[in-house]
């Protein structure tokens, strides 16, 4: 039996290819904020030191504003 296009319109497809690893929230936030690899490293280091969330550390280090993190 073939499905009509209207029957497949609500089918949920995976956002990540089978076998691939989904990006982490911190990777997605970094991409949305256009952070450099060095900024990522510094933010992750600050997280490890303080226990802050990625966005909080990014704001504390001056890589983003609170508004940018909220919108991301």
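Residue numbers (my numbering): 2 to 73.
From the three backbone atoms N, C-alpha and C, an ideal C-beta is built for every residue, glycine too.
Could you give the DSSP three-state label for residue 66: helix, strand or coil?
Looking at residue 66 - three-state DSSP - the assignment turns out to be coil, as it is neither helix nor strand.
Cβ of residue 61 within 8 Å of Cβ of residue 34?
Taking 8 Å as the Cβ cut-off, residue 61 and residue 34 do not qualify as a contacting pair.
Output the boundary residues of the alpha helix (DSSP H) element that contains residue 56.
Note, residue 56: alpha helix (DSSP H), 55 to 61.
Whole angstroms are fine: how far does the CA of residue 56 sit from the CA of residue 28?
Answer to the nearest angstrom: the Cα atoms are 11 Å apart.
Quick check on residue 45: does DSSP put it in helix, strand or coil?
In the structure shown, residue 45 sits in a helix (DSSP, three-state: H, G or I).
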